[in-house]
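Order-wise, the sequence lines are chains A and B.
Residues in the first sequence are numbered from 7 upward in steps of one, following our numbering.
Residues in the second sequence are numbered from 7 upward in steps of one, following our numbering.
Quick reminder that beta carbons are idealized off the backbone N, C-alpha and C, glycines included.
Single-structure report; data block below.
2 protein chains.
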Amino acid sequence: MTAKPAPPHPAHVSADALFAGAEADPELSPAQARELEEPLRAALLKAQYARLQRPERALLVVIAGLDGAGKGATINLLNEWMDPRHIATLAFGEPGPADVPYPPMRRYWHALPARGRTGIVFGSWYRPLLQEWARKNPDQDACDEHVEAIRRFEATLAANGVDILKLWFHLSRDAQRKRTRELLSDPRTAWQVAEEDRKVYKRFAQLRQAGARTIAHTDAPHAPWLVVPSADAPLRMVSTARAVLNALRRAPAPVRRPAPPRRRIPDRIGALDYEARVGRDEYEDELAALQAGLAAAVRRKRFGKRSLVLAFEGQDAAGKGGAIRRVTHALDARQYDIMPVSAPLPHELAQPYLWRFWRRVPARGRIAIFDRSWYGRVLVERVEGLVAPADWRRAYEEINEFERELDANGALVLKFWLAVGKAEQLRRFREREQSPFKSFKITPDDWRNRKRWDDYLKAANEMLARTDTAHAPWHVLAADDKRLARLQVLRAIVNALEQA
Amino acid sequence: MTAKPAPPHPAHVSADALFAGAEADPELSPAQARELEEPLRAALLKAQYARLQRPERALLVVIAGLDGAGKGATINLLNEWMDPRHIATLAFGEPGPADVPYPPMRRYWHALPARGRTGIVFGSWYRPLLQEWARKNPDQDACDEHVEAIRRFEATLAANGVDILKLWFHLSRDAQRKRTRELLSDPRTAWQVAEEDRKVYKRFAQLRQAGARTIAHTDAPHAPWLVVPSADAPLRMVSTARAVLNALRRAPAPVRRPAPPRRRIPDRIGALDYEARVGRDEYEDELAALQAGLAAAVRRKRFGKRSLVLAFEGQDAAGKGGAIRRVTHALDARQYDIMPVSAPLPHELAQPYLWRFWRRVPARGRIAIFDRSWYGRVLVERVEGLVAPADWRRAYEEINEFERELDANGALVLKFWLAVGKAEQLRRFREREQSPFKSFKITPDDWRNRKRWDDYLKAANEMLARTDTAHAPWHVLAADDKRLARLQVLRAIVNALEQA
Numbered sequence: 007m008t009a010k011p012a013p014p015h016p017a018h019v020s021a022d023a024l025f026a027g028a029e030a031d032p033e034l035s036p037a038q039a040r041e042l043e044e045p046l047r048a049a050l051l052k053a054q055y056a057r058l059q060r061p062e063r064a065l066l067v068v069i070a071g072l073d074g075a076g077k078g079a080t081i082n083l084l085n086e087w088m089d090p091r092h093i094a095t096l097a098f099g100e101p102g103p104a105d106v107p108y109p110p111m112r113r114y115w116h117a118l119p120a121r122g123r124t125g126i127v128f129g130s131w132y133r134p135l136l137q138e139w140a141r142k143n144p145d146q147d148a149c150d151e152h153v154e155a156i157r158r159f160e161a162t163l164a165a166n167g168v169d170i171l172k173l174w175f176h177l178s179r180d181a182q183r184k185r186t187r188e189l190l191s192d193p194r195t196a197w198q199v200a201e202e203d204r205k206v207y208k209r210f211a212q213l214r215q216a217g218a219r220t221i222a223h224t225d226a227p228h229a230p231w232l233v234v235p236s237a238d239a240p241l242r243m244v245s246t247a248r249a250v251l252n253a254l255r256r257a258p259a260p261v262r263r264p265a266p267p268r269r270r271i272p273d274r275i276g277a278l279d280y281e282a283r284v285g286r287d288e289y290e291d292e293l294a295a296l297q298a299g300l301a302a303a304v305r306r307k308r309f310g311k312r313s314l315v316l317a318f319e320g321q322d323a324a325g326k327g328g329a330i331r332r333v334t335h336a337l338d339a340r341q342y343d344i345m346p347v348s349a350p351l352p353h354e355l356a357q358p359y360l361w362r363f364w365r366r367v368p369a370r371g372r373i374a375i376f377d378r379s380w381y382g383r384v385l386v387e388r389v390e391g392l393v394a395p396a397d398w399r400r401a402y403e404e405i406n407e408f409e410r411e412l413d414a415n416g417a418l419v420l421k422f423w424l425a426v427g428k429a430e431q432l433r434r435f436r437e438r439e440q441s442p443f444k445s446f447k448i449t450p451d452d453w454r455n456r457k458r459w460d461d462y463l464k465a466a467n468e469m470l471a472r473t474d475t476a477h478a479p480w481h482v483l484a485a486d487d488k489r490l491a492r493l494q495v496l497r498a499i500v501n502a503l504e505q506a
Numbered sequence: 007m008t009a010k011p012a013p014p015h016p017a018h019v020s021a022d023a024l025f026a027g028a029e030a031d032p033e034l035s036p037a038q039a040r041e042l043e044e045p046l047r048a049a050l051l052k053a054q055y056a057r058l059q060r061p062e063r064a065l066l067v068v069i070a071g072l073d074g075a076g077k078g079a080t081i082n083l084l085n086e087w088m089d090p091r092h093i094a095t096l097a098f099g100e101p102g103p104a105d106v107p108y109p110p111m112r113r114y115w116h117a118l119p120a121r122g123r124t125g126i127v128f129g130s131w132y133r134p135l136l137q138e139w140a141r142k143n144p145d146q147d148a149c150d151e152h153v154e155a156i157r158r159f160e161a162t163l164a165a166n167g168v169d170i171l172k173l174w175f176h177l178s179r180d181a182q183r184k185r186t187r188e189l190l191s192d193p194r195t196a197w198q199v200a201e202e203d204r205k206v207y208k209r210f211a212q213l214r215q216a217g218a219r220t221i222a223h224t225d226a227p228h229a230p231w232l233v234v235p236s237a238d239a240p241l242r243m244v245s246t247a248r249a250v251l252n253a254l255r256r257a258p259a260p261v262r263r264p265a266p267p268r269r270r271i272p273d274r275i276g277a278l279d280y281e282a283r284v285g286r287d288e289y290e291d292e293l294a295a296l297q298a299g300l301a302a303a304v305r306r307k308r309f310g311k312r313s314l315v316l317a318f319e320g321q322d323a324a325g326k327g328g329a330i331r332r333v334t335h336a337l338d339a340r341q342y343d344i345m346p347v348s349a350p351l352p353h354e355l356a357q358p359y360l361w362r363f364w365r366r367v368p369a370r371g372r373i374a375i376f377d378r379s380w381y382g383r384v385l386v387e388r389v390e391g392l393v394a395p396a397d398w399r400r401a402y403e404e405i406n407e408f409e410r411e412l413d414a415n416g417a418l419v420l421k422f423w424l425a426v427g428k429a430e431q432l433r434r435f436r437e438r439e440q441s442p443f444k445s446f447k448i449t450p451d452d453w454r455n456r457k458r459w460d461d462y463l464k465a466a467n468e469m470l471a472r473t474d475t476a477h478a479p480w481h482v483l484a485a486d487d488k489r490l491a492r493l494q495v496l497r498a499i500v501n502a503l504e505q506a
């Protein structure tokens, strides 16, 4: 009943080997079914409650397989067997008008169940892949890309508190046809048969091959596929329930990702020229010209197909807020959102750390400005020991993938590290303390962070070395002269928009 | 500078009286401005922090007024004067494709700042009203309706923890024209002038009259309008800052709503016939027929213009879950969402109690099923003393308005009270305790609620008397026979869909 792990050359996987068991259309006798049901239901509830009492991980059950195999009926019954208040059925159709301006994975992030809870996904991220592979001449490159995106997505979920179980409902061609006909013959059940269900038997070989390929390419220890024999309703239900029970009980499989390569981390921040200055008049002139350029660039029609993601990081008092205001000054308030990022709230902690950022990804034609960002994972959370070293080490690659996904969907991603010298920071802290309307900007945290100056610098330099990518470059700017830093920020944005 | 409260016949308000002060285009001298700025900034920050430390209420600042009056520049500066990390600028353009399937107020609920925080609203719920009133022949009925919707919306916000301040930026026709021309004459600032700004002086009389009418009709002690003289940048800034400071400091004005009329509350729940039964065969046949009818009704094309909101309430063990499953059995999983409602989470408590429900309102063509609902306000929260009597008493009318809003936007709202007799409830509790897969359904809370049976019954009967409306009817059903209750639920839904 269990799919084999993906072989090294998944193209050679045999659909026969994968589906032979299910296509034998095995059955349970009514007596067997009765005997199995009660202890299974009790165990499921117990496992469900054990998870809720120690909500460490969420469970996603992905439902796929042949249409007309009884997927919907089985999930209805699963909701009956378990406590439905802690299961969410997440069913997705074709992307609607509200989804179109966003990266395709966004709607799945949005619907993710919190730790302790279970989500059952219909119409998952597998649909486009299955559709492509079921065509007569599938676009192999598109399929490869899709497989890669799915593998990354599931690895990131699994590594960040989400268990994944994938069920493929399968039965023989004849059994599928028979089931569909029986439902259709009774007017009280005919409405349960969807248009797709009727077509399955005609395209059986193709659909079966698409399923086998999908399973072979996306099976992983942390996100395993299981084939559910579906001709017999009781066996289908018992198999599904057992699979869910095992997933609820199972300790999470480690996600294997290559460790980031060892390398010398250059001190990019220390190497900056902190003495450079710009004169006031020159500043005023260039600022106005750059703002006019930015205003023009984002009002161009073709910007409607792109979006802009700006992430600002840097030491305390480096001037992030002031730089952001010089950017927004050139923007229409209806076009951008500023997200000030501080410690996550309780309901955010119940999700993968990228969840709250993924949800704020801008629609096409819009601008999202993050005042601090997802890089907190490898800065404050690393330095303050809020996450295990394995977690922040893994985060570099997860973040690179997150940004690659944004880039692939038309977002222009720019990241700024504003670097203030240690002496200049002290001067600004003192100045803030003296000013009646800047003293709010200085807190005991700032002084505490300052004591760990070198730790933060080390973390920041490593972050720069590991996440400065062509698709989402870092701009590392000396900010002892605020005016110069602001010009450099604006210049980088305007240049990137012009090149895009 | 302050708008007068709305007179009894607002049509008679004089735009001259309202705007004379601002149209004199008063100025501050640079010395005066300098002198005022520093203490004002310090006070603003202090007031902002005082609110954050005791986060009881949110503040919404609505920005309206003549285009080209410097609204955007002023709000940019306000973000500079205050701590921008606790202010959100909420700027809305024309509704986009993602807004269209929903009631128009939804996007404002979605963006509402949490208690302690401030939101600045551009492109608010006033825009359609202002646009209509600025036309040559405004549709007076549409305006009246809009005014009523705004008054209800703001009253509900104000009564539930949101302070509202509304600013009308105003200046003389000549000053507006002069300001626009000055900005246009310099290429570095010309981009700041929007298309609308250039047209203001041509339609000045109409826009002015539209503003005066809007202010007169929607000024309220709990949501006051203020006219900000805007010809002079320093005075505009100081006036805005003072208004925000006062709003941050001010104790909330009581929202005047008529108390619900005293009336005899009939015991609708006690009067039900708990003995009625339906036979198993009859049940199976009618269930299948009703499910087929429901399936057909929601698959019809014209349902795409409607939506369906189902709220289930009732005593513990009355069979809500089972009834809901019989409904969803007839539905495509992609078409509906079930919302199990329990105690609000911390981030939900930081918002008005209707917030979490308003956010879950279904898009057109979709179905939202609430397993318990917003009626918790007048049931568990009332009986357990979680809210003050004034709060739950006011809630009847707020809930009626919420449902009227849903109805006005195409939603079919049906509410079900499943009533179980006291003896039958006891039997079900015992049965649940015995069953290995039902024992999760019974908790100490259930036994505790049972002890307060009469209190809950009283609250439920009052709820039924006060919220059973033509646009959102209650169906009160005896549920000692679960099968009969399920049939009645389905019948009510199918009938309502057929009549709609």
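{"Check": "Could you run through the segment 193 to 217 of chain A and flag, in chain order, every residue whose CB is less than 9 angstroms away from some CB of chain C?", "Outcome": "Going by chain labels, chain C is absent from the structure shown, which instead holds the protein chains A and B."}
{"Check": "At which residue ranges does the segment 88 to 118 of chain A contain complete beta strand (DSSP E) runs of 3 or more residues, listed in the order of the chain?", "Outcome": "93 to 97"}
{"Check": "Hey, is B:Ala476's beta-carbon within less than 8 angstroms of any beta-carbon in chain A?", "Outcome": "no"}
{"Check": "Under 8 angstroms between C-beta atoms, does B:Asn82 make it to chain A?", "Outcome": "yes"}
{"Check": "So, helix, strand or coil for A:Lys10, using DSSP?", "Outcome": "Residue confidence is low: A:Lys10 scores 42 on pLDDT, short of 50, so the model does not pin down where it sits. Its coordinate-derived value is still stated next. Residue state, collapsed to three classes: coil."}
{"Check": "Can you pull the chain A residues whose beta carbon is under 9 angstroms from the beta carbon of B:Arg331, in chain order?", "Outcome": "Asn82, Asn85, Glu86, Pro90"}
{"Check": "I need the DSSP call for B:Asp147, collapsed to helix, strand or coil.", "Outcome": "helix"}
{"Check": "Look up B:Gly74 in the DSSP assignment and say whether it is helix, strand or coil.", "Outcome": "coil"}
{"Check": "Just to confirm, does A:Glu154 get its C-beta within under 7 angstroms of one of the non-hydrogen atoms of the ligand GDP?", "Outcome": "This structure does not include the ligand GDP; it has no bound ligands of any sort."}
{"Check": "Straight-line CA distance for A:Pro450 to B:Asp451?", "Outcome": "44 angstroms"}
{"Check": "Can you tell me where the alpha helix (DSSP H) holding A:Phe435 begins and where it ends?", "Outcome": "428 to 440"}
{"Check": "Run through the segment 119 to 170 of chain A for me and flag every whole beta strand (DSSP E) of 3 or more residues, listed as ranges in chain order.", "Outcome": "124 to 128"}
{"Check": "Is it buried or exposed, B:Gly99, if we count other Cβ atoms within 10 angstroms and call 16 or more buried?", "Outcome": "exposed"}
{"Check": "So, are the CB atoms of A:Ala70 and A:Ser130 less than 8 angstroms apart?", "Outcome": "yes"}
{"Check": "Under a CB-based cut-off of 8 angstroms, is A:Gly320 close to chain B?", "Outcome": "no"}
{"Check": "Is the shortest distance between the beta-carbon of B:Leu355 and the beta-carbons of chain A less than 8 angstroms?", "Outcome": "no"}
{"Check": "Going by CA-CA distance only, name the one from B:Ala117, B:Glu411, B:Arg141, B:Lys205 that's closest to B:Val315.", "Outcome": "B:Glu411"}
{"Check": "What does the alpha-carbon distance come out to for the pair B:Leu293 and B:Ala303?", "Outcome": "15 angstroms"}
{"Check": "Is it right to say B:Lys10 is buried, meaning 16 or more other beta carbons lie within 10 angstroms of its own, or is it exposed?", "Outcome": "Low confidence applies here, because B:Lys10 scores a pLDDT of 42, under 50, leaving its location unreliable; read the following figure in that light. Flag for B:Lys10 reads exposed."}
{"Check": "Using Cβ-Cβ distances below 7 angstroms, what residues of the segment 440 to 464 of chain B are close to chain A?", "Outcome": "Pro442, Phe443, Phe446"}
{"Check": "Using the beta-carbon of each residue, which ones in chain A are nearer than 7 angstroms to B:Tyr55?", "Outcome": "Phe446"}
{"Check": "So is B:Gly325 in contact with chain A if we call contact Cβ pairs under 8 angstroms?", "Outcome": "no"}
{"Check": "Is the number of C-beta pairs between the segment 186 to 206 of chain A and the segment 35 to 49 of chain A that are closer than 8 angstroms three or more?", "Outcome": "no"}
{"Check": "Is it the case that the segment 77 to 93 of chain B contacts the segment 135 to 149 of chain B, given that we only count it when at least three CB pairs across the two stretches are under 8 angstroms?", "Outcome": "no"}
{"Check": "Tell me, please, whether the CB atom of A:Glu44 is closer than 8 angstroms to any CB atom in chain B?", "Outcome": "yes"}
{"Check": "Taking B:Arg331 as the reference, which of A:Val206, A:Leu84, A:Met345 has the closest Cα?", "Outcome": "A:Leu84"}
{"Check": "What span of residues does the beta strand (DSSP E) with A:Val244 cover, start to end?", "Outcome": "Premise fails: A:Val244 lies in the alpha helix (DSSP H), 239 to 255, not in any beta strand (DSSP E)."}
{"Check": "Step through the CB atoms of chain A and report whether any lies within less than 8 angstroms of the CB of B:Pro479.", "Outcome": "no"}
{"Check": "Since I believe A:Ala94 is in contact with A:Gly122 (beta carbons under 8 angstroms), could you give me their beta-carbon distance rounded to a whole number of angstroms?", "Outcome": "Not really, about 12 angstroms apart at Cβ, beyond 8 angstroms."}
{"Check": "Please check if any C-beta of chain B sits within less than 8 angstroms of the C-beta of A:His176.", "Outcome": "no"}
{"Check": "Which full runs of the alpha helix (DSSP H) of 4+ residues lie inside the segment 375 to 460 of chain B, going along the chain?", "Outcome": "386 to 389, 395 to 414, 428 to 440, 450 to 457"}
{"Check": "Candidates B:Pro350, B:Phe210, B:Ile170, B:Arg399: which alpha carbon is nearest B:Ala181's?", "Outcome": "B:Phe210"}
{"Check": "Go ahead and pull the three-state DSSP assignment for A:Ser191.", "Outcome": "helix"}
{"Check": "Taking the straight line between their C-alpha atoms, what separation do you get for B:Gly299 and B:Phe446?", "Outcome": "33 angstroms"}
{"Check": "Taking the C-alpha atoms as reference points, what is the distance between B:Ile156 and A:Trp361?", "Outcome": "34 angstroms"}
{"Check": "For A:His15, does the three-state DSSP call read helix, strand or coil?", "Outcome": "Legend: pLDDT at A:His15 = 43, less than 50; position of this residue unreliable, value from coordinates given subsequently. DSSP places A:His15 in coil when its eight states are reduced to three."}
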